[in-house]
Amino acid sequence: FSSGKLKREDVFITTKLPFYNMSPADAEASIKQQLANLRVDYIDLYLIHCPCPMKATNFGGLTNLSTTSFEHQNDFEHIDTWRVLEKAHKEGKLKAIGISNFNADQIKSLYEKSEIKPANLQIELHVYWPQHELVELCHQLGMTITAYAPLGSPGRVTFRPGDYWPEGNPLVEPVILELAKKHGKTPAQILLRHILQRGISVIPKSTNAGRIKENFDIFNFEL
């Protein structure tokens, strides 16, 4: 921004309320700290990370979440956390607010109780887990969907090798390989295009510049 290459309005920033900061007091402090850390006056989309409020019993920092122990907090409801987001939205600090990893019942309950309706649901979504019913519910409620792990999230095994993860790799699924060959695209591009054509935003993760560029090259063909 300071170099003049981009203006703030050129960048869409999404971030989340950590699941261990979901009490109303912690949520308000977390939003304030995140704005300071990001060095911005507002966040474009702010999501409650998950529906399970947790409290760390031996918090070792963000880099050690896989070894941190948590216990469930049950002395407040989702709507109590949501009221904090609504307040920050009215103050202009959060341009849009939403949720992540909520199921259908949790979404409907929050929607009915909220003054400002959730704008977006971010969920794991890919060819092995298309989430048709949840997508339909959100469309009925006027909510957009963002798909994370659109390629199946192969890196999760490395992140938490001791956990149980369902087996399967969409990148080598025969029908995906067949479509990639037909369209002259990579399997990843086929998977991303498929979700995009369902009217769903998609956020693949990569630290590789070539793959990031490849992920953007999906607007010149249709399945």
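Count along the sequence shown from 1, then add 5; that gives the number in our numbering. All residues carry an ideal CB built from backbone N, CA and C; glycine is no exception.
{"Query": "Taking the straight line between their C-alpha atoms, what separation do you get for His83 and Lys187?", "Result": "46 Å"}
{"Query": "By the 10 Å Cβ neighbour count, where 16 or more other Cβ atoms means buried, how is Lys210 classified, buried or exposed?", "Result": "exposed"}
{"Query": "Helix, strand or coil for Asn106, going by three-state DSSP, please let me know.", "Result": "coil"}
{"Query": "Using DSSP with H/G/I as helix, E/B as strand and the rest coil, what is Ala154?", "Result": "coil"}
{"Query": "By how many angstroms is the C-alpha of Lys100 removed from the C-alpha of Tyr47?", "Result": "7 Å"}
{"Query": "Please list the terminal residues of the continuous beta strand (DSSP E) segment that includes His77.", "Result": "Phe75 to His77"}
{"Query": "Between which residues of its own chain and Leu40 is the CB-CB distance below 8 Å, once the five residues before and five after are set aside?", "Result": "Asp46, Tyr47, Ile48 and Lys98"}
{"Query": "Cys57: which of Asn26, Ala30, Thr73 and Gly167 sits nearest, CA to CA?", "Result": "Asn26"}
{"Query": "Three-state secondary structure (DSSP) at Trp134?", "Result": "strand"}
{"Query": "Using only the alpha-carbon positions, how far apart do Asn108 and Ser28 sit?", "Result": "20 Å"}
{"Query": "First and last residue of the alpha helix (DSSP H) that includes Leu231?", "Result": "Because the chain in this structure spans residues 6 to 228, residue 231 falls outside the shown range and cannot be described."}
{"Query": "Are the Cβ atoms of Ile200 and Pro155 separated by less than 8 Å?", "Result": "yes"}
{"Query": "Please confirm if the stretch 165-175 is in contact with the stretch 113-121, defined as three or more CB-CB distances below 8 Å between the two stretches.", "Result": "no"}
{"Query": "The beta strand (DSSP E) that contains Ile48, what's its start and end?", "Result": "Ile48 to Ile53"}
{"Query": "Taking just the CA atoms, how far does Pro166 sit from Ile22?", "Result": "It is worth fixing the name first, because residue 22 is Leu in this sequence and not Ile. C-alpha separation (whole angstroms): 25 Å."}
{"Query": "Looking at the unbroken beta strand (DSSP E) that takes in Ile128, where does it start and where does it end?", "Result": "Asn125 to Glu129"}
{"Query": "In this structure, how does DSSP classify Lys190 when only helix, strand and coil are distinguished?", "Result": "coil"}
{"Query": "What is the DSSP secondary structure of Lys122, reduced to helix, strand or coil?", "Result": "coil"}
{"Query": "Using only the alpha-carbon positions, how far apart do Gln127 and Leu90 sit?", "Result": "16 Å"}
{"Query": "Which stretch, first to last residue, makes up the beta strand (DSSP E) that contains Leu90?", "Result": "Per DSSP, Leu90 belongs to no beta strand (DSSP E); it is in the alpha helix (DSSP H), His83 to Lys95."}
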